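S.K.: In UniProt numbering, the protein residues as written are 1 to 354.
Ideal placement from N, C-alpha and C gives every residue a C-beta, glycine not left out.
A quick note: this is a predicted structure, and the numbers were derived from the prediction, not measured.
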Ligand SMILES: *Cc1c(COP(=O)(O)O)cnc(C)c1O
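Shown next, in the form of structure tokens:
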């Protein structure tokens with residue numbers, strides 16, 4: 001991503017930040033039929049901590065460190081926490097991560113690997129995002145949340161890389177999962193940079209996908225609203241797509257503006273569709289993605305069914321996070337054949353296609 005250093009607010013830093021970005025973009029014909037379009041996969045799971053968040057942390061964390069001695073902090077119990085902790089420790093800076101009191105042990109383990117100070121907060125965790133700014137003002141801590149401008153500027157580089165891979169063409173559609181709307185905001189910033197520089201004539205349509213369990217952006221899009229209405233607790237449900245599903249997205253208005261500006265769409269998909277799409281990513285594409293990321297395939301398939309995407313259009317699915325952190329989460333058929341070594345040749349002969 002530091003190929004685009006001149007368009008970022010900091011000089012190329014040392015440490016793990018240098019490893020952020022530069023993920024592969026591959027044509028994946030095996031996914032065409034399910035998607036209903038010509039599929040390309042921009043695999044953000046190949047980031048240092050397994051999620052696109054590293055593009056933002058790679059800019060935001062060194063930026064903060066360069067401006068003072070404050071401890072770096074974040075409010076997250078997922079990929080944001082893992083990424084922020086990794087980038088802070090890589091530059092030898094303390095990091096404090098605020099997680100909910102009931103955080104699952106597996107999630108905690110991924111965060112704790114980088115040895116930040118983990119604070120389990122009892123109380124309304126949703127409100128902590130708002131408290132973060134206040135904490136930043138009162139204490140020597142810089143809390144970097146999803147809509148920190150330096151973070152969002154780092155996300156632009158995903159769009160630059162996609163467009164550079166396609167040049168001189170541009171893809172017809174880019175599909176992202178959306179939660180806070182931070183990534184969508186960054187990608188939109190990137191589109192506008194390239195338009196202003198005269199480097200692209202026509203913008204890709206930005207399609208955002210949400211989990212039906214918590215989809216304030218889809219609701220606002222369908223209602224023609226410019227601002228999402230925060231969902232109440234009884235309007236939200238459980239979902240396997242644990243990295244998305246923000247009932248009150250801080251960058252929601254900007255994400256909606258991005259979609260409308262690029263003539264895109266917002267759709268929601270159910271957990272059943274997400275389960276199927278996670279499997280299809282692996283079985284038909286060879287990609288191990290988070291359920292949150294698999295929403296892109298399910299969402300594009302839905303838009304193609306509705307006639308909003310044509311079979312000959314190029315669609316970039318952005319799996320935002322690796323599925324390798326999900327091991328043991330269930331949902332995968334692990335039935336195998338047990339064979340005695342003596343019988344191996346005979347048994348194998350019966351298993352292989354004739
Ligand atoms: C954070 C995250 C998202 C959502 O991104 P926003 O910027 O909050 O919209 C999607 N997928 C994965 C894997 C994430 O970690």
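1) Would residue 139 be called buried (16 or more neighbouring beta carbons within 10 Å of its own) or exposed?
2) Nearer than 8 Å: is that true of the beta carbon of residue 244 relative to any heavy atom of ligand 1?
3) May I have a chain-ordered list of the alpha helix (DSSP H) segments no shorter than 4 residues that lie completely inside the region 145–229?
4) Please list the segments of the alpha helix (DSSP H) lying wholly inside the region 300–351, counting only runs of 4 or more residues, in order along the chain.
5) Can you tell me whether residue 281 sits near ligand 1, meaning its C-beta is under 8 Å from at least one heavy atom of the ligand?
6) Can you give the beta carbon distance from residue 247 to residue 262, rounded, assuming they're within the 8 Å contact cut?
7) Relative to the alpha-carbon of residue 8, which residue among 113, 106, 186 and 163 has its alpha-carbon at the smallest distance?
8) Can you tell me whether residue 156 is buried or exposed, with buried defined as 16 or more other CB within 10 angstroms of its CB?
9) Buried or exposed for residue 144, going by 16 or more other Cβ atoms inside 10 Å?
10) Are there three or more Cβ pairs, one per stretch, closer than 8 Å when the region 175–192 is compared with the region 88–96?
11) With a 10 Å radius around its C-beta and 16 neighbouring C-beta atoms as the bar for buried, classify residue 133 as buried or exposed.
12) Do residue 253 and residue 227 have their C-beta atoms closer together than 9 Å?
13) Could you check what DSSP says for residue 243 in three-state terms: helix, strand or coil?
14) Do residue 146 and residue 80 have their C-beta atoms within less than 9 Å of each other?
15) Are there three or more Cβ pairs, one per stretch, closer than 8 Å when the region 308–324 is compared with the region 288–298?
16) Going straight from the alpha carbon of residue 158 to that of residue 176, what length do you get?
17) Determine, using beta-carbon pairs with one atom in the region 216–230 and one in the region 167–174, whether at least three such pairs fall under 8 Å.
18) Thinking C-alpha only, which one of 110, 160 and 98 is nearest residue 42?
19) Does the pairing of the region 13–31 with the region 115–127 give three or more beta-carbon distances under 8 Å?
20) What's the gap between the Cα of residue 299 and the Cα of residue 284?
21) For the beta strand (DSSP E) containing residue 62, list its first residue and its last residue.
22) Can you tell which of 277, 353 and 354 has its C-alpha closest to the C-alpha of residue 35?
23) Rounded to whole angstroms, what is the Cα-Cα separation between residue 275 and residue 69?
24) Give a yes or no on whether the C-beta atoms belonging to residue 358 and residue 57 are separated by under 9 Å.
25) With DSSP as the reference, please indicate the residues paired to residue 140 in a beta bridge.
M.R.: In this structure, then:
1) Its Cβ having fewer than 16 others within 10 Å, residue 139 is exposed.
2) Within the cutoff, so yes.
3) The region 145–229 contains these whole alpha helix (DSSP H) runs: 149–166, 182–196 and 216–223.
4) Listed in chain order, the alpha helix (DSSP H) elements of length 4 or more contained wholly in the region 300–351 are 344–351.
5) Outside the cutoff, so no.
6) Between residue 262 and residue 247 the Cβ distance is about 25 Å, and since that is not below 8 Å, they are no contact.
7) Taking the Cα of residue 8 as reference, the smallest distance to any Cα among 113, 106, 186 and 163 is reached at 186.
8) Buried, because 16 or more other Cβ atoms sit within 10 Å of the Cβ of residue 156.
9) Here residue 144 is buried, its C-beta having at least 16 other C-beta atoms within 10 Å.
10) Counting C-beta pairs closer than 8 Å gives fewer than three between the region 175–192 and the region 88–96, which falls short of the contact rule.
11) With fewer than 16 other Cβ atoms from the protein chains shown falling within 10 Å of its own Cβ, residue 133 counts as exposed.
12) Closer than 9 Å, so yes.
13) DSSP, reduced to helix, strand and coil, places residue 243 outside both helices and strands of the structure shown, so it counts as coil.
14) Taking 9 Å as the Cβ cut-off, residue 146 and residue 80 qualify as a contacting pair.
15) Below 8 Å, enough C-beta pairs join the region 308–324 and the region 288–298 to call them touching: three or more.
16) So the alpha carbons of these two residues sit roughly 11 Å apart.
17) Three or more Cβ pairs closer than 8 Å define a contact, and the region 216–230 falls short of that threshold against the region 167–174.
18) Ranked by Cα distance from residue 42, the options 110, 160 and 98 are led by 160.
19) No, because fewer than three Cβ pairs between the region 13–31 and the region 115–127 fall closer than 8 Å, the two stretches do not touch.
20) If I take the Cα positions, the gap works out to 17 Å.
21) It is not in any beta strand (DSSP E) - residue 62 instead sits in the alpha helix (DSSP H) that spans 53–66.
22) For the set 277, 353 and 354, the Cα lying nearest the Cα of residue 35 is the one of 277.
23) Roughly 44 Å separates the two Cα atoms.
24) Beyond the ends of the chain as shown, which are 1 and 354, falls residue 358; an answer cannot be given.
25) For residue 140, DSSP assigns no beta-bridge partner whatsoever.
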